[in-house]
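Per our numbering, numbering of the sequence shown is gapless, rising by one per residue and ending at 225.
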Amino acid sequence: MRLVLGSGSPRRLELLAQIGVVPDAVRPPDIDETPSPGELPRPYCERMALEKVEAVKADPEDIVLCADTTVALGRRIFGKPADAAEAAEFLIRLMGRRHNVITAVAVRSSDRIWQKSVVTAVKMKRLSDIELNGYLDSDDWQGKAGGYAIQGPAGAFIPWISGSFTGVVGLPVAETANLLRAAGAIR
Ligand SMILES: Cc1cn([C@H]2C[C@H](O)[C@@H](COP(=O)(O)OP(=O)(O)OP(=O)(O)O)O2)c(=O)[nH]c1=O
C-alpha cells in the first residue's frame, strides 16, 4: 500500500506531516472547480473533494487522499480569487461579519471512498483601507479560498473561530486521521 496525496496545496502536505503522515507520492488533481447553478457551498465542497479523489490516478492497492476548502457567505461560494481585484471584492464582503469555511476530505482505496466535511465559523473584523491594501499587496491571498489565509498575516483579521483551525487552513487533521485509519493507511 502506498499513500498518495492528491493535492498541490503545500498546506495539506504540512498538515499531514503535523500528524506524522508522509505520503509516498503527491499528485495534484486537475478538475473543473466551477459551481453548478444554484449549488450550495457544502454540497459543492463535498462534490469537489469527491471529484478530486476520483480524478487522481493510483494503483489499485494505493490509498488516495484529497480535500477541498470553500469559503461560504450564506449561500455564496468564494473560491480562490482570480486576481487582486477579486480578492478585494471577497474581503470587502467578508469583513465585519461571520462566514463559514468548509473543508471536505475524501479518501479512496481500490473499492471504497470515505468522506467527511468540517464546517468552521470564522469572524473577520472590519478592515481599514490600510489593512486591506497592505494585505492585497502582500499577495498572500493568492491560491487561498475566500482570498485570505488564517495562518498568515490575515490571522490578524480573525479574532474568533468556532470549529477546526486546521480545517480552515485546508485539512482538518483529527477527522483526516480518522479517515486514514478507516482506510487502513495508518494505525
Ligand atoms: C480559508 C483558507 C484557505 N486556505 C487555502 C487552503 C487551500 O489550499 C486553498 C483552497 O483551495 P482548494 O481548491 O481547496 O485547494 P488547492 O487548489 O490549493 O489544492 P488542491 O486542489 O490541489 O488540493 O485555500 C488557506 O491556506 N488558509 C485559509 O485560511
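From the three backbone atoms N, C-alpha and C, an ideal C-beta is built for every residue, glycine too. Fair warning: this is a prediction, and the values are worked out from it, not measured in the lab.
Boundaries of the alpha helix (DSSP H) in which residue i is found, first to last residue
i           : result
residue 211 : 211-220
residue 49  : 48-56
residue 182 : First-last for residue 182: undefined, no H or E at that position.
Terminal residues of the beta strand (DSSP E) in which residue i lies
i           : result
residue 154 : 151-162
residue 100 : Residue 100 -> no beta strand (DSSP E), and no H or E assigned at all.
residue 41  : 41-43
Three-state secondary structure assigned by DSSP to residue i
i           : result
residue 107 : strand
residue 200 : strand
residue 63  : strand
residue 168 : helix
residue 135 : strand
residue 79  : helix
residue 92  : helix
residue 208 : coil
residue 187 : coil
residue 130 : helix
residue 85  : helix
residue 223 : coil
residue 124 : helix
residue 175 : helix
Those residues which DSSP pairs with residue i across a bridge
i           : result
residue 143 : 105 and 154
residue 34  : Residue 34 falls outside the range modelled here, since the chain spans only 39 to 225, and no answer is possible.
Residue nearest to residue i in terms of C-alpha spacing, selected from the options
i           : options               : result
residue 113 : 73, 46 and 106        : 73
residue 76  : 115, 133 and 93       : 115
residue 177 : 196, 120 and 197      : 120
residue 64  : 190, 118 and 103      : 103
residue 162 : 186, 88 and 215       : 186
residue 167 : 183, 127 and 89       : 127
residue 150 : 217, 58, 62 and 67    : 217
residue 62  : 96, 88 and 68         : 96
residue 204 : 105, 98, 85 and 99    : 105
residue 68  : 94, 160, 88 and 49    : 94
residue 160 : 172, 169, 207 and 118 : 207
Cβ pair residue i, residue j closer than 8 Å
i           : j           : result
residue 143 : residue 153 : yes
residue 130 : residue 39  : no
residue 46  : residue 90  : no
residue 57  : residue 215 : yes
residue 211 : residue 53  : yes
residue 157 : residue 80  : yes
residue 133 : residue 111 : no
residue 179 : residue 123 : no
residue 209 : residue 108 : no
residue 147 : residue 221 : yes
residue 118 : residue 192 : no
residue 86  : residue 99  : no
is_contact[residue i, chain B] using C-beta, thresh 8 Å
i           : result
residue 197 : In the displayed structure, chain B is absent; only one protein chain is listed.
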